[in-house]
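Engineer: To start, I am sharing the structure in question, which I have written as structure tokens.
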Amino acid sequence: MAYQKSGYPNESRVAATPKTVEQLLKLGFSALSKAGRGQLASFDDKAFAQAGADIVDGNAIWQSEIILKVNAPEEEEIALLNPGTTLVSFIWPAQNPGLMEKLAERKVTVMAMDSVPRISRAQSLDALSSMANIAGYRAIVEAAHEFGRFFTGQITAAGKCRRRR
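This note's numbering applies: residue 1118 is where the sequence shown begins, and numbers increase by one.
In structure tokens form, the structure reads like this:
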């Protein structure tokens, strides 16, 4: 199993963390991680290596049977996928029929994380809700910064901050 860095600039999300690497190793998988893959998410190569992943450079990552990737593969990445590879990623199949055709031509099995249904049985795989939660949290932080004043009506460990009337 391999964890591929997103090609998008400033993308800080990662498809796996050192903790998930440990969990997958316990299930019998081996893990490859592309060098420098987690830096923007504050995970260095040492953390992945300590978790049990082999750190690799170049295109070695694409020889794995299962590839975890945050964003859909780029054109040049598709060409590196072997037939029979399983790709787990945000793919958006309905919006990207051309991408799906290319992956099918390469005989790649795709698990589109954005297409996992929002049902109780699949709740642990519900990546869309997780990303929406993070986006909402970030929106509030950004709005608070732009607002320029203290948000009142909060309860903190130090006590209450009542709102003014």
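Note that CB positions come from ideal geometry on N, CA and C, so glycine has one too.
1. So, helix, strand or coil for I1183, using DSSP?
2. With a 10 Å radius around its C-beta and 16 neighbouring C-beta atoms as the bar for buried, classify R1154 as buried or exposed.
3. Consult DSSP for S1241 and reduce its assignment to one of helix, strand or coil.
4. I'd like to check one pair, A1177 with L1149: are the Cβ atoms closer than 8 Å?
5. Decide if P1135 is buried, meaning its Cβ has at least 16 other Cβ atoms within 10 Å, or exposed.
6. How should P1190 be labelled, buried or exposed, when 16 other C-beta atoms within 10 angstroms of its C-beta is the threshold for buried?
Structural biologist: Concretely, from the data shown:
1. Strand.
2. Burial call: buried.
3. Reduced to three states, the DSSP call for S1241 is helix.
4. Cβ distance < 8 Å, so L1149 and A1177 count as in contact.
5. By the 10 Å Cβ count, P1135 comes out buried.
6. P1190 should be labelled buried.
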